[in-house]
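Student: For reference, the structure I am asking about is given below.
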Amino acid sequence: MFTGIIEEMGIVEGITSKKNLSVLKVRAKKVLKGAKQGTSIAVNGVCLTVTGIKKDILEFDIMRETLLKTNLGALKPKSCVNLERALKANGRIDGHFVSGHVDDMGRIKTRITGENYTELQVSAKRGLMKYIAPKGSVCVDGVSMTIGEVRKTYFSIYLIPFTLEVTTLGKVKEGDRINIETDILAKYILHKN
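Read in order, the letters of the sequence shown correspond to residues 28 to 220 in my numbering.
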C-alpha cells in the first residue's frame, strides 16, 4: 500500500527490452533508504518490485501487461518518474490508500494555467469514470489528488505550485497519457451494488 505522496522524482537511466518484459533502471536518492531486493516502490503509481540496486540505481522488471496498460511503456532515458516507498503500518497517512494497481491510462485533455493556478482536465474511459466522484480521491501518475469537476468523459484536478515542482505533473502537457488508479473504496462500494 502507498499514500500517493511522492517522495522524489527519479530519472530513468535505461530500459532494456527482453522477451515479454523490460528492465527499468531509475536513479534515485530518498527511496534508496531501506530499499533492497524485493522492496515495493511505486513508479508513476505502479507498484514495482526492486530486482537490483547498483549504487544509486534501482532496477525493476516490468511485465508486458504492465507496459501495455500503463505509461511505463513509453518511458525513455532521462524521463522523470514519481517515486514513493510502500507505506509503513506505523507511519502517517497523508494522502489516501493507494494500492499501486493502476486501473487504466487517461489522457490530459486540457491544461489550464494562471497565476498560482493549474487545472488538468483528464479524459478517461466511461468504465473508469463511474468511480470518479467530485471531492473524492484519485491517484494520477502516483500522486494523490482530490477530484474537482466531473463531466461525462473527463474530470478535473487542481495543482498547487508545490505539486507542480516536486512531481511529474508539472511537466505533463495536453495529449500526454497518465496512469489512473481510482479510489479503492469506490471500487468496493460499486462492485457490491
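Built from N, CA and C at the ideal position, the CB exists for glycine as well. Computed from a predicted structure; not experimentally measured.
Please report how far the alpha carbon of G122 lies from the alpha carbon of V170, in whole angstroms.
Tutor: Start at 1 with the first residue of the sequence shown, and residue 122 comes out as number 95. Start at 1 with the first residue of the sequence shown, and residue 170 comes out as number 143. Cα to Cα, G122 sits roughly 8 Å from V170.
Student: I need the straight-line Cα distance from D203 to S126, nearest angstrom please.
Tutor: Translated into positions along the sequence shown, residue 203 becomes position 176. Translated into positions along the sequence shown, residue 126 becomes position 99. Using only the alpha carbons, I get a separation of about 23 Å.
Student: So, under 8 Å CB-CB, L155 and D130 are touching, yes? Tell me the CB distance rounded to an integer number of Å.
Tutor: Locating residue 155 in the sequence shown gives position 128, where the first residue counts as 1. Locating residue 130 in the sequence shown gives position 103, where the first residue counts as 1. Confirmed, Cβ separation roughly 6 Å.
Student: E208 to E176, Cα distance in whole Å?
Tutor: Here residue 208 corresponds to residue number 181 of the sequence shown, with the count starting at 1. Here residue 176 corresponds to residue number 149 of the sequence shown, with the count starting at 1. The straight-line gap from Cα to Cα measures roughly 17 Å.
Student: In whole angstroms, what is the alpha-carbon distance linking F189 and I80?
Tutor: The residue you call residue 189 lines up with position 162 of the sequence shown. The residue you call residue 80 lines up with position 53 of the sequence shown. About 29 Å.
Student: With 16 as the cutoff for other CB atoms within 10 Å, does N206 come out buried or exposed?
Tutor: Against the sequence shown, residue 206 aligns to sequence position 179. By the 10 Å Cβ count, N206 comes out buried.
Student: Assuming contact is defined by CB atoms lying nearer than 7 Å, are Y185 and E146 in contact in what I supplied?
Tutor: Counting from 1 along the sequence shown, the entry for residue 185 is found at position 158. Counting from 1 along the sequence shown, the entry for residue 146 is found at position 119. In this structure, E146 lies closer than 7 Å to Y185 by Cβ.
Student: Should the stretch 191-199 be called in touch with the stretch 83-90, which here means at least 3 C-beta pairs below 8 Å?
Tutor: Touching, no.
Student: With the cut-off set at 7 Å, would you say R54 and G41 are in Cβ contact?
Tutor: Counting from 1 along the sequence shown, the entry for residue 54 is found at position 27. Counting from 1 along the sequence shown, the entry for residue 41 is found at position 14. Not a contact, by the Cβ cut-off of 7 Å.
Student: Looking only at C-alpha atoms, which of K179, I139, M132, A213 sits nearest to G100?
Tutor: Here residue 100 corresponds to residue number 73 of the sequence shown, with the count starting at 1. Comparing Cα-Cα distances from G100 to each of K179, I139, M132, A213, the minimum goes to M132.
Student: What are the start and end residues of the alpha helix (DSSP H) that includes M132?
Tutor: Here the question's residue 132 lines up with position 105 in the sequence shown. Per DSSP, M132 belongs to no alpha helix (DSSP H); it is in the beta strand (DSSP E), 131-141.
Student: Under three-state DSSP, which class holds F182?
Tutor: Looking up residue 182 in the sequence shown gives position 155. Three-state result, F182: strand.
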